[in-house]
Amino acid sequence: MENLSILIHLDYTLMVVAIGAALLGTVSGALGTYAVLRRQSLLGDAISHAALPGIAIAFLLTGSKAPLILVLGAAIAGWLGTLLILSIVRLTRIKYDSALGLVLSTFFGFGLVLHTLIQRTGNANQAGLDTFLFGQAATILERDVLTIAILGGVALMIMLVFWKELKLLVFDEGFAASIGLPTRTLDILLTSLLVMAIVLGLQAVGAVLMSAMLVAPAVAARQWTNRLRLMVFLAGCFGALAGVSGTIISSTASRIPTGPTIVLCATVVVGISITFAPNRGLVWDRIRHQRNRRDLKTATGRLLK
Amino acid sequence: MQASKPKAIEVTDLTVAYQDKPVLWDIDLDVPPGVLLSIVGPNGAGKTTLIKAILGLVRPAAGNVLIYDKPYEAQRRIVGYVPQRGSVDWDFPTNVLDVVMMGRYGALGWVRRPGKNERELAMQALEKVGMEAYITRQISQLSGGQQQRVFLARALVQDATIYLMDEPFQGVDATTERAIVTLLQELRANGKTVVVVHHDLQTVTDYFDWVMLLNIRRIASGPVEETFTSDNLRETYGGRVAFMK
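Note that the protein sequences, when read in sequence, are chains A and B.
Here the first sequence is numbered in this note's numbering, starting from 1 and rising by one per residue.
Here the second sequence is numbered in this note's numbering, starting from 1001 and rising by one per residue.
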């Protein structure tokens, strides 16, 4: 009887974790589509790394590990990092990629120092903060799932409400501005949504690999469709798939960090998509190439007769 | 031109600089309604920047732009814009019809989605540019000329009074060029004002009735027959032009 209740309990925990991973996979996959289409994949990397000190500072200031507080700290730090990158590009002669690298490593280093300091203090409450580095989905509790569901839901809702405005911004910013869309505000909105998706995923996936959760599902989705609507939807599904399978795999064996497992699962999806997707896939490409050659041969053969 | 006549576009003392380097210097330009105006000048003359400054896309260091006596912000609805074809990523996941409907986004306003009406307008515009057979075509699978026609169709559904076009002839074949010219002349015949950034000096006299010669400063502007002179051309291109009228 006792065994049974443990089993049920375990299953329940796993279910909570899997739901959390699915939700954040959906949110980061869908919003990551915009980052990929705007060629801002690296910005996601910078934001996730820059978010790390925010978590530490939020914990140091409040002493709390409530998900909302840590997420807020991460979001503020991620935002500051983004702002800093943009200011460096605007005010100095340093190029975008250098500014990105500079901010990413500085914030990340600072975050690591803070986390080490927190660990040294031996605060019993601190256990778990280091999961933000490589992610530990097993630490996802019901309250975390609730946070992810609410904030992620809001982010997706905003994306849907401003669908056509965001689409035009990403496709043709000049035209968008010419018809009066406030492109700078929309840009800030889109970046904020990206920050939101990233900080929600930090606990499960970790700062180091979070950007893969933005990029991989979108890249895979692009292979299967030529419509933005479907691409966003598929990226969300792929993100959820990677999230769930990665979580389950990492929880069956102890001491496997969830982040890398989820990312590996996402990579498998990308690999399959790049190889087998119709029209854009490598196999398809090969077949088409062969067919063209054959057609050309028979055509020239006929001409020469 | 008399001061009392209405001006479709009025640019006064416009200066635009990118990091201390002037790209446009003290530009004055009056465009009367109903003309087909080409802006010509060498590379780096500021042609694109002038279009963008009229549209409020770049902030001028000095000067003023008026559209029918009002600032651009108040006149967006009557201005259509065709950006350079190379300014967007044609691998964006969308199709021809969808891009053309983007021309209605301004009139639709926030949040509202394009519907049946927008679809119909887009179809009409695509017919006008001879692209009605391509509505579901992914835009990456279009030729350069077809991409240009799609952009023109998007501007047409804006149903504007003034059209600003940045190099609509760039990289298109002879057939498309003919089709575009016919379209532009049709627009003018319907009383629209069309401003076109143009590269090919050979065709200016054939295609356009007004011309502006630009090389950071305005060299000259006015009706083609008065303005498009070898003296003005030499001044614009620094004597390097082998073209004679």
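For every residue, glycine included, the Cβ atom is placed at its ideal position computed from N, Cα and C.
- Cβ atoms of B:F1169 and B:D1200 come within 8 Å of each other, at about 7 Å.
- Contact annotation, A:V215 with A:G32: C-beta distance approximately 6 Å; criterion of less than 8 Å satisfied.
- Taking the Cα positions, A:L169 is about 14 Å away from B:T1094.
- C-alpha of A:L60 to C-alpha of A:I150: approximately 25 Å in a straight line.
- Considering only B:T1048, B:S1230, B:V1099 and B:L1097, the residue with the shortest C-alpha distance to B:P1083 is B:T1048.
- Assigned with DSSP and collapsed to three states, A:I85 falls in helix.
- Counted as a single uninterrupted DSSP element, the beta strand (DSSP E) harbouring B:G1222 occupies residues R1217 to P1223.
- At a cut-off of 8 Å between C-beta atoms, B:Y1163 does not count as an interface residue with respect to chain A.
- With respect to the C-alpha of B:V1035, the residue from B:F1208, B:V1099 and B:L1142 having the closest C-alpha is B:F1208.
- In terms of beta-carbon proximity, A:F59 stays away from the interface with chain B, with every pair separated by 8 Å or more.
- Not a single C-beta of chain A is nearer than 8 Å to the C-beta of B:M1131.
- In the assembly as shown, A:Y96 is an exposed residue. Its beta-carbon has fewer than 16 other beta-carbons within 10 Å.
- Not a single C-beta of chain A is nearer than 8 Å to the C-beta of B:Q1170.
- The three-state reading of DSSP puts B:K1070 in strand, counting E and B together.
- In the structure shown, B:T1012 adopts extended strand secondary structure according to DSSP, grouped into three states.
- Residues of the same chain with a CB within less than 6 Å of the CB of A:I256, apart from the 5 flanking positions on each side, are S250 in chain order.
- Beta-bridge partners of B:N1232 (DSSP): none assigned.
- Judged by beta-carbon spacing, A:A155 lies beyond the 8 Å limit of A:M210, meaning their Cβ atoms are not closer than that value.
- Of the candidates A:F175, A:D45 and A:T139, the residue whose Cα lies closest to the Cα of B:G1106 is A:F175.
- With respect to the 8 Å criterion, A:A212 and A:A235 are not classified as neighbours on the basis of their beta carbons.
- With respect to the C-alpha of A:G81, the residue from A:P67, A:V145 and A:G109 having the closest C-alpha is A:G109.
- In the assembly as shown, B:N1190 is an exposed residue. Its beta-carbon has fewer than 16 other beta-carbons within 10 Å.
- Contact annotation: the stretch 1051-1063 of chain B does not touch the stretch 134-146 of chain A, with fewer than three C-beta pairs closer than 8 Å.
- For B:I1039, the secondary structure class from DSSP, reduced to helix, strand or coil, is strand.
- Each of B:S1038, B:I1009, B:G1046 and B:P1032 was checked against the Cα of B:R1217, and the nearest Cα belongs to B:G1046.
- For A:D187, no CB of chain B lies under 8 Å from its own CB, so it is not counted at the interface with that chain.
- As DSSP reads the structure, B:T1193 sits in a beta bridge with B:I1162.
- Secondary structure of B:L1152 (DSSP, three-state): helix.
- Interface criterion not met: the Cβ of A:I198 is under 8 Å from no Cβ in chain B.
- DSSP, reduced to helix, strand and coil, places A:A212 within a helical segment of the structure shown.
- Counting along the chain, B:I1051 sits inside the alpha helix (DSSP H) bounded by residues K1047 to I1054.
- The Cβ atoms of B:V1129 and B:L1183 lie closer than 8 Å to each other.
- Boundaries for A:L141: no beta strand (DSSP E) harbours it, and the DSSP string shows neither H nor E there.
- By alpha-carbon distance to A:A46, the top candidate from A:P67, A:V103 and A:L14 is A:V103.
- Between A:F175 and chain B, the shortest Cβ-Cβ separation is below 8 Å.
- Proximity of the stretch 65-78 of chain A to the stretch 40-55 of chain A meets the contact definition, three or more beta-carbon pairs being nearer than 8 Å.
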